[in-house]
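The sequence shown begins at 83 in our numbering and counts up one residue at a time. By construction, the Cβ of each residue, glycine as well, lies at the ideal position given by its N, Cα and C atoms.
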Amino acid sequence: MSKVEIKKENVDAAYKVADENVKKVLNALFGKERKKPTLDDHTTIQSYEDACEALGEPQEVFMEGIPPHIVALMKLETISRALWGRTFQPKPDAEGKEIYWWVWWALYTQSEIDNMDEDDRGALLSAYAATGASAGFGFLGTGNRSSHSAANFGFRLCQETAEKARYFGRTFNRLWAEYLAFNFTVEI
Numbered sequence: 083m084s085k086v087e088i089k090k091e092n093v094d095a096a097y098k099v100a101d102e103n104v105k106k107v108l109n110a111l112f113g114k115e116r117k118k119p120t121l122d123d124h125t126t127i128q129s130y131e132d133a134c135e136a137l138g139e140p141q142e143v144f145m146e147g148i149p150p151h152i153v154a155l156m157k158l159e160t161i162s163r164a165l166w167g168r169t170f171q172p173k174p175d176a177e178g179k180e181i182y183w184w185v186w187w188a189l190y191t192q193s194e195i196d197n198m199d200e201d202d203r204g205a206l207l208s209a210y211a212a213t214g215a216s217a218g219f220g221f222l223g224t225g226n227r228s229s230h231s232a233a234n235f236g237f238r239l240c241q242e243t244a245e246k247a248r249y250f251g252r253t254f255n256r257l258w259a260e261y262l263a264f265n266f267t268v269e270i
């Protein structure tokens, strides 16, 4: 029988690009050291399962027939609550004094986008330019036309800081793409 040698840095690199199922396999094979998910440190929330564990909630059993984008939204909402932590609860502010961050406002600078490989850039589903430019997931727009289309996202998906919003978007980019991929295919 031949012997295969795998370096720790290779396992770590594979873990960073793996989906949730592959992460489970890597953890089973190599005993990935990880911090226990907690509401006190948002960086310990690295999967939907971690969010459920930190919140002390059971993982939902999603019924057959529920569209994948709805399942993804439900998972994102659970993850968002876990990222809020113990002390933060967003409250609508009609006067606009509170600032909350949505992932697409904090994700990438133009230079980061320019330096992405084709696969990562493909996850950014944005197409709009006017006086400024919109960047982020799932934005389509038209200007100087008789029609306009926009999608506004739920308050439940906002975060209290740009750092948490960036973490939410980058760590769960595949889940965001799945959520926004209603009736079209996103290849990541």
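Residue i and residue j closer than 9 Å at C-beta
{"i": "Leu-239", "j": "Ser-129", "result": "no"}
{"i": "Phe-250", "j": "Val-153", "result": "no"}
{"i": "Glu-102", "j": "Glu-131", "result": "yes"}
{"i": "Asp-122", "j": "Gly-167", "result": "yes"}
{"i": "Tyr-97", "j": "Lys-105", "result": "yes"}
Neighbourhood of residue i by C-beta, 6 Å cutoff - its chain only, sequence neighbours within 5 removed
{"i": "Glu-159", "result": "Arg-238"}
{"i": "Phe-112", "result": "Val-93"}
{"i": "Lys-117", "result": "Thr-126"}
DSSP state of residue i mapped onto helix, strand, coil
{"i": "Asp-175", "result": "coil"}
{"i": "Thr-169", "result": "coil"}
{"i": "Asp-123", "result": "strand"}
{"i": "Trp-186", "result": "helix"}
Same chain, Cβ closer than 7 Å to residue i, neighbours up to 5 away in sequence not counted
{"i": "Ile-127", "result": "Pro-119, Ala-133, Ala-136, Ile-161, Ala-164, Leu-165"}
Nearest-angstrom Cα separation, counted from residue j out to residue i
{"i": "Thr-253", "j": "Pro-174", "result": "26 Å"}
{"i": "Leu-108", "j": "Thr-243", "result": "31 Å"}
{"i": "Arg-248", "j": "Glu-87", "result": "35 Å"}
{"i": "Trp-183", "j": "Glu-245", "result": "9 Å"}
{"i": "Gly-138", "j": "Ser-84", "result": "44 Å"}
beta-carbon residue i near the ligand NAD non-hydrogen atom, thresh 8 Å
{"i": "Leu-121", "result": "Questions concerning the ligand NAD fall outside what the structure shown contains, since it holds no ligand whatsoever."}
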